[in-house]
Amino acid sequence: MDGNSFSDNAVPLDLLRERAFNLRWAQQPADVIPLTAADPDFPVCQAIQDSLIRYVREGVLSYAPPEGLPNFRQAIADWMRTTRQVECTPAEVFATDSAASAMAVIARGSLDAGDEVLIPDPVDFLFQHTITRAGGVPVQIGAGATTSAEGFIAAMQSRLTPRTRMVWLCNPHNPLGVVHSREWLKTVAEWAITQRLRLLSDEIWSDIVYAPHQFTSLASISPEIAINTVTVVGFSKNFGLAGLRVGAVLCSNPQWRRQIVVASDAESTVFGVSVLSQVAVIAALRDGQPWLKEFVRHLQTQRNYVLERLSQWPGVTVFPPQGTYVVFPYVRSLGNDAERLCEHLLARARVALVPGAPRWFGPGASGHVRICFATSRRILQEAFDRMDSVVKELVEEKQRD
Ligand SMILES: Cc1ncc(COP(=O)(O)O)c(C=O)c1O
Numbered sequence: 055m056d057g058n059s060f061s062d063n064a065v066p067l068d069l070l071r072e073r074a075f076n077l078r079w080a081q082q083p084a085d086v087i088p089l090t091a092a093d094p095d096f097p098v099c100q101a102i103q104d105s106l107i108r109y110v111r112e113g114v115l116s117y118a119p120p121e122g123l124p125n126f127r128q129a130i131a132d133w134m135r136t137t138r139q140v141e142c143t144p145a146e147v148f149a150t151d152s153a154a155s156a157m158a159v160i161a162r163g164s165l166d167a168g169d170e171v172l173i174p175d176p177v178d179f180l181f182q183h184t185i186t187r188a189g190g191v192p193v194q195i196g197a198g199a200t201t202s203a204e205g206f207i208a209a210m211q212s213r214l215t216p217r218t219r220m221v222w223l224c225n226p227h228n229p230l231g232v233v234h235s236r237e238w239l240k241t242v243a244e245w246a247i248t249q250r251l252r253l254l255s256d257e258i259w260s261d262i263v264y265a266p267h268q269f270t271s272l273a274s275i276s277p278e279i280a281i282n283t284v285t286v287v288g289f290s291k292n293f294g295l296a297g298l299r300v301g302a303v304l305c306s307n308p309q310w311r312r313q314i315v316v317a318s319d320a321e322s323t324v325f326g327v328s329v330l331s332q333v334a335v336i337a338a339l340r341d342g343q344p345w346l347k348e349f350v351r352h353l354q355t356q357r358n359y360v361l362e363r364l365s366q367w368p369g370v371t372v373f374p375p376q377g378t379y380v381v382f383p384y385v386r387s388l389g390n391d392a393e394r395l396c397e398h399l400l401a402r403a404r405v406a407l408v409p410g411a412p413r414w415f416g417p418g419a420s421g422h423v424r425i426c427f428a429t430s431r432r433i434l435q436e437a438f439d440r441m442d443s444v445v446k447e448l449v450e451e452k453q454r455d
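Residue numbers for the sequence shown follow the working numbering, so the first one is 55 and each next one is one higher.
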């Protein structure tokens, strides 16, 4: 176990400023704190580093099989069986170069042009993006953090058409931070199956869950749900491997799985996951669990700290995240436009957040901002100290108007 992996001094700021892109340190002026893309500020665990070094030193870096290294597929199947009670065999696992890419190949392998997919609104932009890029039509179903299964189903029911093919779920949910209960998932999935719809469950956040909440993998609920579900897993959030672009698709329906593999173009070698990325995942799943446990413990204290700081912003309301390391406060009391609020915070506090804009999360995100807290306490505290003064100014400006 790495000692003090999440202390203030564990954040390698110089390296992040050089290497952390996607709205983060390397893409911001030097004085800006980016609480933007959901990507941790901490180095990956020692087990991953050692395993990559060993593999590279051995010097053989040949092609991997198109569906993934046997050890990679085995490691994922074991992980799904032992930690998520999903009856998964290595043959059901297909390696993809990221969770984003898993969603893209599933969309391409499951949808014809014009097919409709029911997705929650808000949700991560990849939902609408990958469906649209595959020629499908995302149909946004308004859902807040406390929407019941019955409420969600009623909203879906009203949007059903002869072209509706799938329901895509995000659990734990980015950006709402909800961890769906087993009962919620079962009710929604059983309704979908009666409507002859298939399901996608994006479970990239499934390791980041705060007690007493518990994660349920959709495919673990019943064999009928499993055969109608394709699961997306990823390693950017739990183990900080975003730059290695690695994830996987799990599908127990051989015919459906085959369609997805064909759609991926991995068999032609046009696409395929780097062996080093797979080696990193094997090490993470085999030896990274103590590090992950400590990471979640750190995140839980960060989450509590963010909630306490946000409670001091007048009129701002927030759903306490049950999972993920993002928080999604409703900030309309500070101004009508979340994009403008983010511009103010960037200009005056030098802190970057993600606005609840339709392009990031759908129209249901309006009035919110997303704050990522996977950093050190010192950085988070500094960011809130800086934002507090701007929030105070905004409130005073509003009172004067
Ligand atoms: C819900 C969700 N799905 C997928 C992804 C993409 O992950 P990856 O880096 O593996 O492409 C993200 C990343 O933010 C996410 O939040």
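Using N, Cα and C, we set each Cβ at its ideal position, and we do this for glycine too.
Model, not experiment: these values are computed from the prediction.
Check: Beta strand (DSSP E) runs contained entirely in the region 139 to 221, provided each spans 3 or more residues; Outcome: 147 to 150, 170 to 175, 191 to 196
Check: Assigned secondary structure, residue 422 (DSSP; H/G/I helix, E/B strand, else coil); Outcome: strand
Check: For residue 396, the three-state DSSP class (helix, strand or coil); Outcome: helix
Check: Cβ-Cβ distance between residue 142 and residue 304 below 8 Å; Outcome: yes
Check: Check: residue 173 C-beta below 7 Å from any heavy atom of ligand 1; Outcome: no
Check: Best match in 67, 277, 103, 225 for proximity to residue 254 [C-alpha to C-alpha]; Outcome: 225
Check: Nearest-angstrom Cα separation, counted from residue 177 out to residue 367; Outcome: 25 Å
Check: Proximity test, residue 301 beta-carbon vs ligand 1 heavy atom, cut-off 7 Å; Outcome: yes
Check: The region 387 to 407 touching the region 435 to 447, judged by at least three CB pairs closer than 8 Å; Outcome: yes
Check: Separation of residue 83 from residue 206, as counted between CA atoms; Outcome: 42 Å
Check: Segments of 4+ residues assigned as alpha helix (DSSP H) that fall wholly inside the region 339 to 418; Outcome: 343 to 364, 392 to 398, 412 to 415
Check: Beta-carbon separation (whole angstroms), residue 102 vs residue 337, contact threshold 8 Å; Outcome: 5 Å
Check: Limits of the unbroken alpha helix (DSSP H) element including residue 316; Outcome: 308 to 318
Check: Continuous alpha helix (DSSP H) stretch holding residue 443: start and end; Outcome: 431 to 454
Check: For residue 329, the three-state DSSP class (helix, strand or coil); Outcome: helix
Check: Contact test: residue 261 Cβ vs ligand 1 heavy atom, cutoff 7 Å; Outcome: no
Check: heavy atom of ligand 1 below 7 Å from residue 178 C-beta; Outcome: yes
Check: DSSP-derived helix/strand/coil call for residue 277; Outcome: helix
Check: Which of helix, strand or coil DSSP assigns to residue 270; Outcome: coil
Check: Contact under 8 Å by Cβ, residue 129 with residue 340; Outcome: yes
Check: Cβ-heavy atom distance, residue 95 to ligand 1, below 7 Å; Outcome: no
Check: Residue 105 - DSSP class collapsed to helix/strand/coil; Outcome: helix
Check: Residue 87, DSSP secondary structure in three states; Outcome: strand
Check: Top-ranked residue by Cα proximity to residue 235, from 334, 267, 319, 144; Outcome: 267
Check: Backbone secondary structure at residue 239 - three-state DSSP; Outcome: helix
Check: C-alpha distance - residue 40 paired with residue 189, whole-angstrom precision; Outcome: Absent from the model: residue 40. The displayed extent of the chain is 55 to 455, so no value can be given.
Check: Cβ separation of residue 148 and residue 122, assumed to be a contact under 8 Å, to the nearest whole Å; Outcome: 7 Å
Check: Status (buried if at least 16 other CB within 10 Å, exposed otherwise) for residue 256; Outcome: buried
Check: Simplified DSSP assignment, three categories, for residue 323; Outcome: coil
Check: Same chain, Cβ closer than 8 Å to residue 353, neighbours up to 5 away in sequence not counted; Outcome: 262, 264, 379, 427, 428
Check: Rounded straight-line distance, which links the Cα of residue 343 to that of residue 133; Outcome: 11 Å
Check: Simplified DSSP state of residue 95, which is helix, strand or coil; Outcome: coil
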